[in-house]
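Residue numbers (the working numbering), protein chains in the order written: chain H, 94 to 348; chain Z, 94 to 348. One structure is given here, and the rest of the page talks about it.
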């Protein structure tokens, strides 16, 4: 991690697409640390999880925006963007993959559904230090100043210390300024009251997801609780899903 | 888990859709253990990961097939199906969620991209004992007899012992008969040589995913290696992605 700022390449992706305020906010942070290239979905891709496109071809379109942001827009998911960028589109390997800033929290069980987190996880799988950043406000014009500061501190941490193999940082921040920044774990939670049943104009039924996040974990070091208290959270996550806490006991039982 | 077979309800889902051989093979196994209801995607949904549908409405269409399978086909992802089934479509709560049998392995890093696994994980999140089952053969007419036996043994295990909170079983089997069944962990692996760049008839570039699975973990208790040796594998997985193995050390470092 001894490269100077001038030699670093930072790949920025997201799941809200290239027109979101959040990706521009993250590019501004990334530019303080090195050269930035954006490879991101050409449209909204929220809640796609770690979806990848295998049944259809992908295309990448270069863009230059009035706000100065340049990059490639891809007709795929966040994980597609990171795979395609590193395999085909970039002429050198990135020193960091940054995903976000997502409009909406990716704490608790939201991590599982998050396209933002999956882009960073994909970066980790491919061997690049990777960070996902989200802001708790869904609003298009959300105040992301705090999320930007949390992102900058996480990026500085990674360039100073590196990351252990297989580990991604998942950063969340409240809208606006935060009280401090804390290491957290993913809080157990789930959605309840999920679907509203309705009838269409032909009187046929359909269902639209809604849902209320139920927090099942009152720990003080839990991401969702820390955020509620006005702090930013940083959770180290991994893509090895093996349940090591029960593995030994279960593996001694007969199948 | 003391319910008799007559009182059990088993929800079956998959990601290859209701017309696949694999879901029929899993229904046959499930019928030995209780009443079965199928709620599954109306079309192929491979590699959608833990994607859920939030920007569009969902619909559910009842079907009865010539082969005797009945259920509801949903225009959504595997995780959508489990959420919608348990929230709206079923008149009682399932005793077990079974997902598969997937045409293709969901071992190693494939777990991350898998719609099959995500349906089972969603079952776990919602509080139901859940099992994902996959067969290593992509062929539509794959011999799933071994995968069926592995599924039956995993189901019997769950009805005999229950599952710890937050734990899903991820079962994989070779095509045809297997040598034995082993507890495993998710093997570290990744795809390399991922995209083939081509030109379309208008001479514009596109990219199609391909990729070769590179196994980075030679452990004898690793899913991908056990399968290569002709055994079926059962990996307990969790949706808490917190990297506990590094959490304490990292949480003592300054952010």
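In this text, a Cβ means the ideal position worked out from N, Cα and C, and glycines have one as well.
The C-beta distance from residue 199 of chain H to residue 263 of chain H rounds to 6 Å, short enough to meet the 8 Å contact threshold. If you check each beta-carbon in the stretch 168 to 181 of chain Z against every beta-carbon of chain H, the ones closer than 7 Å belong to 176, 177, 180 and 181. With a threshold of 8 Å between beta carbons, residue 209 of chain H makes no contact with chain Z. According to the DSSP assignment, residue 121 of chain H belongs to no beta strand (DSSP E) but to the alpha helix (DSSP H) extending over 114 to 124. Contact check for residue 103 of chain H and residue 166 of chain H: beta-carbon distance about 18 Å, past the 8 Å limit, so the pair fails to qualify. Per the DSSP secondary-structure output, residue 307 of chain H pairs in a beta bridge with H:283. Residue 334 of chain Z sits close to residue 331 of chain H, with the two beta carbons spaced by under 8 Å. Using a C-beta cut-off of 8 Å, the stretch 209 to 221 of chain H makes no contact with the stretch 234 to 243 of chain H, since fewer than three inter-stretch Cβ pairs fall below that distance. The alpha-carbon separation between residue 260 of chain Z and residue 295 of chain Z amounts to approximately 50 Å. Excluding sequence positions up to five before and after residue 301 of chain Z, its CB lies within less than 8 Å of the CB of 288, 289 and 291, all in the same chain and listed in chain order. Around residue 269 of chain Z, the same chain offers 236 and 239 as residues with beta carbons nearer than 6 Å, after the five sequence neighbours per side are excluded. Contact between residue 122 of chain H and residue 183 of chain H is absent: CB atoms are separated by about 20 Å, not below the 8 Å threshold. For residue 142 of chain Z, a Cβ of chain H is located within less than 8 Å of the residue's own Cβ.
With its beta carbon less than 8 Å from one in chain H, residue 250 of chain Z belongs to the interface. Residue 279 of chain Z sits buried, since 16 or more C-beta atoms from the chains shown fall within 10 Å of its C-beta. Under the 8 Å criterion on CB atoms, residue 126 of chain H is classed as non-interfacial with respect to chain Z.
With respect to chain H, the C-beta atom of residue 339 of chain Z has a partner C-beta closer than 8 Å.
When the five nearest sequence neighbours on each side are left out, the beta carbons in the same chain lying within less than 6 Å of the beta carbon of residue 248 of chain Z are those of 126, in order along the chain. Per DSSP, residue 161 of chain Z has no beta bridge partner at all. Look at the stretch 227 to 247 of chain H: the residues with a C-beta under 8 Å from a C-beta of chain Z are 246 and 247. In the three-state reduction of the DSSP assignment, residue 140 of chain Z falls in the coil class. If the five residues before and after residue 113 of chain H are omitted, its C-beta is found closer than 7 Å to the C-beta atoms of 107 and 196, all from its own chain and listed in chain order. Within the same chain, and ignoring the five residues on either side of residue 272 of chain Z in sequence, the residues whose Cβ sits closer than 8 Å to its Cβ are 322, 323 and 324.
At a cut-off of 8 Å between C-beta atoms, residue 307 of chain Z does not count as an interface residue with respect to chain H.
In the DSSP assignment, the residues bridged to residue 106 of chain H are H:192. The beta carbon of residue 152 of chain H sits closer than 8 Å to some beta carbon of chain Z.
The continuous beta strand (DSSP E) containing residue 227 of chain Z extends over residues 223 to 228.
The beta carbon of residue 207 of chain H sits closer than 6 Å to those of 199, all from its chain and outside the five residues before and after it, given in chain order. Exposed is the label assigned to residue 293 of chain H, since fewer than 16 other Cβ atoms lie within 10 Å of its Cβ. Annotation note: the stretch 237 to 263 of chain Z contains the following uninterrupted alpha helix (DSSP H) runs of length 4 or greater, listed N- to C-terminal: 238 to 254. In terms of Cβ geometry, residue 115 of chain Z and residue 193 of chain Z form a close pair [threshold 8 Å]. As computed with DSSP, residue 151 of chain H is found in a beta bridge with Z:300. The beta carbons of residue 146 of chain H and residue 170 of chain H sit closer together than 8 Å. Listed along chain H, the residues sitting closer than 9 Å to residue 139 of chain Z by beta-carbon distance are 147 and 148.
In terms of CA proximity to residue 317 of chain Z, Z:282 leads the group Z:329, Z:342 and Z:282. Note on geometry: alpha-carbon atoms of residue 128 of chain H and residue 154 of chain H lie some 20 Å from one another.
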